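> With mature numbering (1 follows the signal peptide of the UniProt record, and there is no 0) as the guide, the letters of the sequence shown map in order to residues -21 to -1, 1 to 157. By construction, the Cβ of each residue, glycine as well, lies at the ideal position given by its N, Cα and C atoms. On a predicted model such as this, the values are computed, not experimentally measured, just so you know. Next up is a structure, given as structure tokens.
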Amino acid sequence: MKKCLFAILGFLFLVSCGASKTVVKRSIPTKTVAKTADLKTLESNFSGNLNGEIKEILKDAEKYLGAPYKYAGNTSSGFDCSGFTTKVFDENNTKLPRRSEDQSNAGKQITIRETKPGDLLFFATAGGSKVTHVGIVHDIGNEGEVKFIHASTSKGVVISSLNEKYWNKAYLFARRVL
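As structure tokens, then:
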């Protein structure tokens, strides 16, 4: 019985991996930002286009770096991904729906090449095309590398890169809400 169960689980694992999307490398022509970007670097590399509202959103997002993940959390004692984005934008007088799937309909859809700090990135972390995760674009790094700040289930609030295989594979689209 155990062998049969392991065989079925192994088969399901292989099928689910085989059904996932192909990893797409994204080369985004944009101005270069230092790997450890601070707001002054961001502002100068975006030719002063990083307005005060976006700077405040990034500053507020950064103050939660290291906060733990907590299912349905939306405070510094623990965040889930949409609780994090809702909290950060709410602190800056911008209301977002509470669920990442609902947030994915806010603002206007943009291409990955159009993204800038403060935009939202949406992911299907469970495979398929259903939105299950959201993050805030933090900066555009070397050679167009898109970095985003989000509440990760395994690491809490962190900055990740869209160049990481996991996030690249799960990426769906971007939206501008500001």
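Mind checking residue 96: buried by the 16 CB within 10 Å criterion, or exposed?
Looking at its Cβ environment, which holds 16 or more other Cβ atoms inside 10 Å, residue 96 is buried.
> Kindly indicate which residue of 32, 74, 152 and 35 has the alpha-carbon position closest to the one of residue 114.
Considering only alpha carbons, the answer is 152.
> Between the Cα of residue 46 and those of 72, 130 and 140, spot the shortest distance and give me the residue it belongs to.
Of the listed residues, the one whose Cα sits closest to residue 46 is 130.
> Excluding sequence positions up to five away, which residues of its chain have a Cβ less than 7 Å from the Cβ of residue 57?
Cβ within range, chain order: 46, 47, 48 and 49.
> Note down the Cα distance separating residue 83 from residue 127, rounded to an integer number of angstroms.
Straight-line Cα distance between these residues: approximately 16 Å.
> Report yes if the CB atom of residue 143 is closer than 7 Å to the CB atom of residue 110, and no otherwise.
The answer is no: Cβ separation not under 7 Å.
> Using 7 Å as the threshold, is the C-beta distance between residue 155 and residue 69 below it?
Against a cut-off of 7 Å, the Cβ pair of residue 69 and residue 155 comes out as no contact.
> Which residues does DSSP pair with residue 39 in a beta bridge?
The partner list for residue 39 (beta bridge, DSSP) is empty, contrary to what the question assumes.
> Is the separation between the beta-carbon of residue 108 and that of residue 124 shorter than 7 Å?
No; because the gap between Cβ atoms is not below 7 Å, this pair is not in contact.
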